[in-house]
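Take a look at the structure set out below.
2 protein chains.
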Amino acid sequence: MTAGSGTRRQPTLDTVAAEAGVSRATVSRVINGSPRVSPEARELVEGAVERLGYVPNRAARSLVMRRTDSIALVLREPSELVLADPYLAAIIVATSRALIGTGVQLVLVNAQNDREHARLADYVRSGHVDGVLLASMHAGDPLPEILITAGVPTVVGGRPDRPVPGLTYVDSDNVGGGQLATERLVAAGRRRVATIAGPLDMTAAADRLTGYHRALAQAGQAPGPAAYGRFTRESGEQAMHQLLERDPNLDALFAANDMMASGALRALRAAGRRIPDDVSVVGYDDIELARHTEPALTTIRQPIVDQARTMTELLLTQIGGQPVGNPVILPTELVERDSA
Amino acid sequence: MTAGSGTRRQPTLDTVAAEAGVSRATVSRVINGSPRVSPEARELVEGAVERLGYVPNRAARSLVMRRTDSIALVLREPSELVLADPYLAAIIVATSRALIGTGVQLVLVNAQNDREHARLADYVRSGHVDGVLLASMHAGDPLPEILITAGVPTVVGGRPDRPVPGLTYVDSDNVGGGQLATERLVAAGRRRVATIAGPLDMTAAADRLTGYHRALAQAGQAPGPAAYGRFTRESGEQAMHQLLERDPNLDALFAANDMMASGALRALRAAGRRIPDDVSVVGYDDIELARHTEPALTTIRQPIVDQARTMTELLLTQIGGQPVGNPVILPTELVERDSA
DNA sequence: CCACCCCATGAGAGCGCTCTCACAGGCAGA
DNA sequence: TCTGCCTGTGAGAGCGCTCTCATGGGGTGG
């Protein structure tokens, strides 16, 4: 029990084998739960493991198994942005949570620029992780091809901007969500529904805009004015000012995320509009903030936890040697609060 | 260039050695930048590495080096809470950022309950990480002792509730921050300064409360009423109702974090108080939300990015064999907005 | 011209594990 | 009783790397 300086060498399989009076192979079998071990031997080994406090060395195991039992979560945003974006934070946490109990560990990797692409590819090929989860890709991102070509199991969060053979993804139904949001506005009797879209190099932004158009088309309305933001609060505020200038009579807004909606709210207030009386607003994401805006934001909730779980499941089965599965699209839901 | 199925075996040191016409040892020297290599040999090897696309196998290297070049960030909160807590999200991101360029990877570990303690200890002892960053410890947490005893380099975020020999920590100046916040209120001429403290089993909460008391004592004021929350918005709202009931004439509030402050704001509004005219409010943390409350929250900013950077630096030097450094306390600052 | 040293290089052991293969012993069937 | 099989066990190779140690060749000093 004298732990002392942790420098003391950890016991190895051989140590355990000697202590138990069996061979290294038998100890290995016990550790790995092989059925071909007699009860007596098993008991002997388990006692020795217990007494010695033996823990298998992962590096050694990895070396021979060619498998590390860990996966990488790669973030494709400048980290300042990650800091600000609650969606990504949620993805990180939800993923780590989805991994609990699987014995698989999560390695967090920032790779925003091209030098880091190369390093990342090397990192993965060096066998430090068994697979990669790619969060928040942008259009033209070369990483999926690099990874697929290197034979690395990969699952992307969000629909890629182009089909990549052998690449699975898990997305939420952004078209449906945009439609849901817009329908809500139309159903409330609004006739001039504007939108603040996100950067169209992100498929989520493009899809939400598609949903918006689809809903209006189905309602037989012409699309209202559209402006574009960068998913930030400030860009939302600015975009709203533009929209008001272009169409002072607009009576509803669909913003492609809550941050921009929050900025729009501020611009609307500054312009003297009452919400939702003069202008109804629906956001997207249902981040924490949406509950705290004035008025509280009606918005679209994305199943982030489900998405993270689905992504890890797909990745783990792929790592397990199963064929690459089909993309999964998860449903979104409308959260009704006070802004619409 | 036929990448084909990634199943093709990666080139090894031997492959490279054969290709370059030198020995494995020489290749190893080149890879590791040893000076004892002739320029010709170096060039030969570099060419071969390039042609073969060789990447060293980390497991093999770890095995012999007894070092993995990765560290664990251990979160000690139920993951639902992590999801909600922007502070922890920021720590995660800031840490991953601090690691860029060091060649060290970040492994995210959730360990909230006791079964997971054991698993975590085993995990670390199995040599999968070189050191551990411990975020948001609670009182009585056995993990530091477990890790220190196992000889694992460890750095804690936030002051532990008890001294642990051999354990470094990095904290922000919570006492000073609490004092700063309260002084702001006093300086504004407030005479009945209430507080909503956090759970006192977290030293950050206790320290902020100490700062509050210290500021009032120095100003010659008696402490106002105090209530306790769990750092959540709801608990803040509830605590504020209590406080108003106990002392309807209070004219200022220091809330130990922004979430609780935001809840308090809502309770104050519900009670018909104008902010900051009737009641001034100062929060703590300067999370994103603080900018969006109505009115925007005056608060204390913690140097999260600095903290994460300092923690990783301390850990890396410790892993590098340097003696355990002294605790570091980082300064906080007042962010003036509209609520006080 | 010889002795000495230094530097680049290669051979080989060993890190801790898994897994194949051979083998011993026990049991069933003929 | 003998053959055949099946089951538990051990020996040993090998995963890809680092590092020690021995070696040979070239340069310098006497």
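As you go down the protein sequences, you meet chains H and F in turn. Okay, so the first sequence: first residue is 11 according to our numbering, each after it adds one. Okay, so the second sequence: first residue is 11 according to our numbering, each after it adds one. Note that beta-carbon positions come from the ideal geometry of N, C-alpha and C, so glycine has one too.
- Bounds of the alpha helix (DSSP H) holding Glu323(F) are 314-329.
- When DSSP states are grouped into helix, strand and coil, Tyr64(F) belongs to the coil group.
- Here Val47(F) has Thr36, Arg39, Val40 as same chain residues with Cβ atoms under 7 Å from its own Cβ, once five neighbours each way along the sequence are excluded.
- Taking C-alpha positions only, Ile110(H) is separated from Asp217(H) by approximately 32 Å.
- Ala131(F) is positioned such that its CB atom lies closer than 9 Å to that of Ile156(F).
- For the pair of segments examined, the segment 215-230 of chain H was found not to touch the segment 325-332 of chain H: the number of CB pairs separated by less than 8 Å stays below three.
- For Glu29(H), none of the residues of chain F pass the 9 Å Cβ criterion, the least Cβ distance being about 18 Å.
- Within the DSSP bridge table, the entry for Ser80(F) names Gln115(F) as partners.
- DSSP places Val165(H) in the uninterrupted beta strand (DSSP E) bounded by 164-167.
- Proximity of chain F to Asp132(H) at the Cβ level (cut-off 7 Å) is accounted for by Val65, in chain order.
- A straight-line Cα-Cα distance of about 13 Å links Gly208(F) and Gly273(F).
- If you draw a straight line from the Cα of Glu298(H) to the Cα of Arg76(H), it comes to about 42 Å.
- Note that the C-beta distance between Leu153(F) and Leu83(F) is not below 9 Å.
- Sorting Gly161(H), Ala265(H), Ala100(H) by C-alpha distance to the C-alpha of Ser146(H) places Ala100(H) at the top.
- Check the Cα spacing between Leu62(H) and each of Leu23(H), Arg52(H), Pro96(H): the tightest is with Leu23(H).
- Note: Leu263(H) is bridge-paired with Ala204(H), Val291(H) in the DSSP secondary-structure output.
- Out of Ala27(H), Arg68(H), His127(H), the CA that lies nearest to the CA of Glu56(H) is found in Ala27(H).
- Annotated three-state conformation of Ser245(F) is helix, per DSSP.
- A check of alpha carbon separations from Glu304(F) across Ser349(F), Tyr238(F), Ile314(F) identifies Ser349(F) as the nearest.
- Here DSSP, grouped into helix, strand and coil, assigns Asp181(H) to strand.
- Around the C-beta of Val291(H), 16 or more other C-beta atoms lie within 10 Å, and the residue is accordingly described as buried.
- Residue range 141-145 is occupied by the beta strand (DSSP E) that includes Gly141(F).
- The contact set of Ala70(F) on chain H, defined by CB atoms closer than 7 Å, consists of Leu73 in chain order.
- In terms of Cβ geometry, Tyr222(H) and Thr242(H) do not form a close pair [threshold 9 Å].
- With a beta-carbon spacing of about 23 Å, Gly168(H) and Ala128(H) fall beyond the 8 Å limit used to define contacts.
- CA-to-CA, the gap between Ser106(F) and Val315(F) works out to about 10 Å.
- Leu340(F) sits in a strand when the DSSP states are folded into three classes.
- Under the Cβ distance rule, Glu247(H) does not count among the residues neighbouring chain F, no pair being separated by less than 9 Å.
- Annotation: the continuous alpha helix (DSSP H) that includes Arg39(F) extends over 34-41.
- Only those residues of the segment 289-303 of chain F whose C-beta falls short of 7 Å from the nearest C-beta of chain H are listed: Glu298, Leu299, His302, Thr303.
- Taking a C-beta distance under 9 Å as the contact criterion, Gln252(F) and Tyr97(F) do not qualify as a contact pair.
- Listed along chain H are Ala69, each with a C-beta nearer than 8 Å to that of Thr78(F).
- Listed in chain order, the non-local C-beta contacts of Asp151(F) below 7 Å within the same chain comprise Arg86, local neighbours out to five positions each way being set aside.
- Of all residues in the segment 134-163 of chain F, only Arg135, Ser136, Gly137, His138, Thr159, Ala160, Gly161, Val162 come within less than 7 Å of chain H when Cβ atoms are compared, listed by chain position.
- Residue state for Arg86(H) is assigned as coil, using DSSP reduced to three classes.
- Any Cβ of chain H closer than 9 Å to the Cβ of Ala265(F) would place that residue at the interface, and such an atom is absent.
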